[in-house]
Ligand SMILES: NC(=O)c1ccc[n+]([C@@H]2O[C@H](COP(=O)([O-])OP(=O)(O)OC[C@H]3O[C@@H](n4cnc5c(N)ncnc54)[C@H](OP(=O)(O)O)[C@@H]3O)[C@@H](O)[C@H]2O)c1
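In my numbering, the protein residues as written are 2 to 242.
Set out below in structure tokens:
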């Protein structure tokens, strides 16, 4: 059985992945900011947990000691979704998106690396990009830049850490999680966005968690340096017109 560190563990995708891994008998160390929600999930799953803010490098660095000396994988499931047209983007908007999506991912890997290298097998890192990197959308300049950086990180670290650690990312389209709550607050808008997907629906956390759990485990032992879409076909298919 593996031992996995999940940063952003109480979120829609993080918690769905944590539940899948726990059901498979794996040991988990969970990380988020809200202590009450984190402790409730850790209690439910029999996991360890640490409160930390991924925007604070020292707090990420402290996770190494908390998670223990051996890790088989890291899932970094923290992200932002603050959409603005370019004319209204402030430098701090872009820096915050970069800080949480890209720099936080890099620093989480850095903190976990000594323990990942102690894995008896090939350890696995799973990060998150977005459909908005391969398919351009208006008002996505900042998040597109930040998630594009995650994709660069995947190939850079995939090369740097091979053959001891595999590094991959998942690029979801709009998925029903707390992160997307604002966009999905209007049911007519949610239905209109769902209809833009060739598979005619929005993502559910479990759609993404299934791939995350697979990529973390030894079944994915020959997959590294990849960005894999879980997007109802939105990034690659056109079914109308
Ligand atoms: N949902 C989508 O439509 C969608 C689409 C494309 C890509 N993604 C990507 O998928 C990943 C998971 O997203 P999600 O939808 O599951 O998000 P979510 O439901 O909002 O969950 C985010 C998780 O991260 C934690 N978190 C947020 N800010 C943090 C911080 N500064 N430090 C530490 N933990 C923090 C949250 O808990 P606390 O608030 O307690 O810290 C929560 O556990 C993200 O990288 C996101 O960009 C999602």
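Beta carbons: idealized from backbone N, C-alpha and C, even for Gly.
Distance CB(residue i)-CB(residue j) smaller than 9 angstroms
i	j	result
residue 163	residue 229	no
residue 210	residue 11	no
residue 130	residue 152	yes
residue 46	residue 23	yes
residue 158	residue 107	yes
residue 219	residue 123	yes
residue 235	residue 184	no
residue 208	residue 143	no
Proximity to residue i [Cα-Cα], best of the options
i	options	result
residue 167	5, 45, 74 and 39	74
residue 9	48, 41, 53 and 22	53
residue 3	17, 15, 16 and 21	21
residue 127	241, 242 and 224	224
residue 243	62, 238, 89 and 46	There is no way to answer for residue 243, as the model of the chain reaches only from 2 to 242.
residue 213	49, 50, 36 and 78	78
residue 56	186, 49, 41 and 96	96
residue 121	70, 161 and 89	70
Residue i Cβ short of 8 angstroms to ligand 1 heavy atom set
i	result
residue 176	yes
residue 167	no
residue 202	no
residue 71	no
residue 229	no
residue 14	yes
residue 145	no
residue 242	no
residue 233	no
residue 218	no
residue 206	yes
residue 81	yes
residue 77	yes
residue 34	yes
residue 180	yes
residue 110	no
residue 1	This structure cannot settle anything about residue 1, because the visible part of the chain is limited to 2 through 242.
residue 94	no
residue 118	no
residue 140	no
8 angstroms contact criterion, which residue i and residue j should meet: CB distance rounded
i	j	result
residue 80	residue 102	5 angstroms
residue 30	residue 68	4 angstroms
residue 112	residue 43	About 19 angstroms; that fails the 8 angstroms criterion.
residue 233	residue 182	About 19 angstroms separates the two Cβ atoms, so there is no contact after all.
residue 173	residue 240	Not confirmed; about 19 angstroms, so no contact.
residue 32	residue 51	5 angstroms
residue 226	residue 155	6 angstroms
residue 204	residue 175	6 angstroms
residue 86	residue 139	7 angstroms
Nonlocal neighbours in the same chain, by C-beta distance under 6 angstroms from residue i, ignoring five residues either side
i	result
residue 99	147
residue 215	221
residue 165	118
residue 82	180
residue 6	30, 68, 72, 75 and 113
residue 115	none
residue 34	54
residue 191	185
residue 37	none
Sequence-distant residues of its chain with Cβ nearer than 8 angstroms to residue i (five each side left out)
i	result
residue 178	12, 13, 14 and 206
residue 237	135 and 230
7 angstroms Cβ shell around residue i - same chain, five flanking residues per side excluded
i	result
residue 141	84 and 133
residue 150	99 and 103
residue 58	108
Proximity test, Cβ basis, 9 angstroms: residue i and chain D
i	result
residue 54	The structure shown contains no chain D, having only a single protein chain.
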